[in-house]
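A short worksheet on the structure shown next.
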Amino acid sequence: MTTSFDPSIPFARAAHSSANPLGIHAGVWVNDWSPTSARAAIEASARAGFDLIEIPLPDASGAAAATAGSDLTRALLDDSGIDAVVSLALGLDTDINTADPAVSARGEQRLLDAVAFASKIGAHYVGGVTFSAMTKYAHPAAEATLANWLAVLTRVAAAAHEAEVRIGIEYVNRYESNLLNTAAQTAAFIDELQERGAANVLLHIDTYHANIEELCQADAVRDAGQLLGYLHIAESHRGRLGTGTIDWNGLFVALAASGYKGPLTFESFSSDIISPATVTISACGGTSGTIRPKWHSTPRRSCGSISPHPLTVPPLPGPLPVMP
Ligand code: MN
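This is the structure in structure tokens:
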């Protein structure tokens with residue numbers, strides 16, 4: 001690891017002057033990137049006071065992915081004054097954890113399209129599941145496929161460097177990937193990329209995934225160390241913050257101790273939070289697969305509230321005897 005590594009993302013709008021800029025995932029507002037959705041999501045994010053919006057790479061095929069809506073998006077961002085980052089998750093037909101050259105080439109192009117889209121809208125970060133298909137493979141990583149994803153990501157990082165874009169590696173839980181599930185694993189992977197010359201790859205923690213795989217949130221932050229560049233803030237059930245079991249105090253104490261100055265971006269996939277339009281589309285088997293309609297929503301509950309289906313528990317027989 002280089003000693004002078006700088007994990008900061010060079011923001012140009014509201015997030016530039018904000019310590020720990022607050023971000024929001026576009027999926028909270030909309031489910032596509034049509035002109036109407038782009039306007040609604042960016043204007044709502046700015047109105048709510050966020051410094052940046054995370055925009056999933058528009059789902060266009062071929063070269064269109066790099067340009068779809070980019071002119072309008074840039075104009076809307078300039079008008080609103082907020083920054084943007086771009087995210088994506090590779091799929092089985094765009095995987096770089098593969099020995100199939102055609103699939104790998106599509107994956108590499110998808111990553112390059114994301115970098116190009118980011119550059120066109122004035123964004124400087126492309127993150128997400130950028131290291132493989134977001135899937136749980138039926139086998140462990142093989143040497144050949146590992147060599148391929150390292151080679152591809154090294155080339156993508158070089159292209160991103162030219163465009164002043166940082167690449168984020170977001171590890172996810174074991175049910176969504178069996179390759180990178182912890183900050184320690186991800187840091188070791190980024191170290192390998194740095195040894196190949198990639199100096200602009202950041203570690204991206206998502207508190208939802210960390211909650212499943214790490215000993216605690218603070219350990220994830222410590223294991224990420226100076227590589228930490230981006231955070232997804234998400235509750236243990238992806239819903240309303242503060243109603244689940246995430247150890248927010250432990251997380252923020254660790255972040256403060258580490259000197260983290262990067263974004264804190266809220267990511268939610270619960271119908272308790274996201275817009276009705278998004279829920280309606282996703283409930284029909286939309287692309288995410290992680291949205292759960294009617295989840296904790298009616299009536300709104302938090303941990304410890306009365307269950308609608310209470311157990312009938314007999315009273316305790318009395319105080320327990322004092323043990324010698
Ligand atoms: Mn995430």
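So the sequence shown is numbered by the working numbering: it starts at 1 and just counts up by one. Where is the CB? At the ideal position from N, CA and C, for every residue including glycine.
Notebook entry, point to check: CB of V152 to nearest heavy atom of the ligand MN: below 8 Å?
Noted result: Judged by the Cβ position, V152 fails to qualify as a neighbour of the ligand MN at the 8 Å threshold, every heavy atom of the ligand being at least this far.
Q.
Nearer than 8 Å: is that true of the beta carbon of A234 relative to any heavy atom of the ligand MN?
A. Yes, the ligand MN has a heavy atom inside 8 Å of this Cβ.
Exercise. Just checking my contact of E108 with V152 at CB under 8 Å: how many whole Å lie between their CB atoms?
Worked result: The pair is a contact, with the Cβ atoms about 5 Å apart (cut-off 8 Å).
Worksheet item: With burial defined as no fewer than 16 other Cβ atoms inside 10 Å of the residue's Cβ, what is the status of D206: buried or exposed?
Response: Answer is buried; the Cβ neighbour count reaches 16.
Item checked: Touching by the beta-carbon criterion (3+ pairs, under 8 Å), the region 160 to 175 and the region 207 to 223 -> The region 160 to 175 is in contact with the region 207 to 223.
(request) Could you tell me which of D247, G69, P319, G122 sits nearest to A84, measuring between CA atoms? (result) Checked all of D247, G69, P319, G122; the closest Cα to A84 is G122.
Original post:
Unbroken beta strand (DSSP E) runs of length 3 or more, entirely within the region 126 to 212: which are they?
Top reply: Runs of the beta strand (DSSP E) lying entirely within the region 126 to 212, each at least 3 residues long, are 166 to 170, 201 to 206 in chain order.
| Under 9 Å between the Cβ atoms of S9 and G259? | The sequence given here has Ile at residue 9, not Ser. Taking 9 Å as the Cβ cut-off, I9 and G259 do not qualify as a contacting pair.
Item checked: Own chain residues within Cβ distance below 6 Å of L179, not counting five before or after -> Taken in chain order, the residues that qualify are S132, A141.
What are the residues that DSSP puts in a beta bridge with P321? P321 is not bridged to any residue.
Could you tell me the boundaries of the alpha helix (DSSP H) in which V313 lies? Here V313 belongs to no alpha helix (DSSP H), and DSSP marks it neither H nor E.
**Prompt:** Terminal residues of the continuous alpha helix (DSSP H) containing G229?
**Reply:** Per DSSP, G229 belongs to no alpha helix (DSSP H); it is in the beta strand (DSSP E), 228 to 233.
Kindly identify the DSSP beta-bridge partner or partners of D100. Paired residue(s): none; D100 is not in a bridge.
Please report the Cβ distance between V126 and V165, rounded to the nearest whole angstrom; I am assuming they are in contact, meaning their Cβ atoms lie under 8 Å.
Yes, they are in contact, since the Cβ atoms of V126 and V165 sit about 6 Å apart, within 8 Å.
Query raised in the report: Is G197 near the ligand MN, in the sense that its beta carbon is under 8 Å from a heavy atom of that ligand?
Result: Checking every heavy atom of the ligand MN against the Cβ of G197, none is found closer than 8 Å.
Discussion item. Nearer than 8 Å: is that true of the beta carbon of E170 relative to any heavy atom of the ligand MN?
Written reply: Checking every heavy atom of the ligand MN against the Cβ of E170, one is found closer than 8 Å.
Extent of the continuous beta strand (DSSP E) run through F266 = First-last of the beta strand (DSSP E) with F266: 264 to 266.
Exercise. Can you name, in chain order, every residue of its own chain whose Cβ lies under 8 Å from the Cβ of M134, other than the five neighbours on each side?
Worked result: Answer for M134: A89, L90, G91, V172, E176, S177, listed in chain order.
| said: Looking only at its chain, what residues have a beta carbon closer than 6 Å to the beta carbon of K120, apart from the 5 residues adjacent to it on each side? | reply: Once the five neighbours on either side are set aside, the close Cβ partners of K120 are S70.
Practice task
Decide if H309 is buried, meaning its Cβ has at least 16 other Cβ atoms within 10 Å, or exposed.
Solution key: The Cβ neighbour count for H309, taken over all protein chains shown within 10 Å, is under 16; the residue is labelled exposed.
Hey, A48 and I24: beta-carbon distance below 9 Å or not?
Taking 9 Å as the Cβ cut-off, A48 and I24 qualify as a contacting pair.
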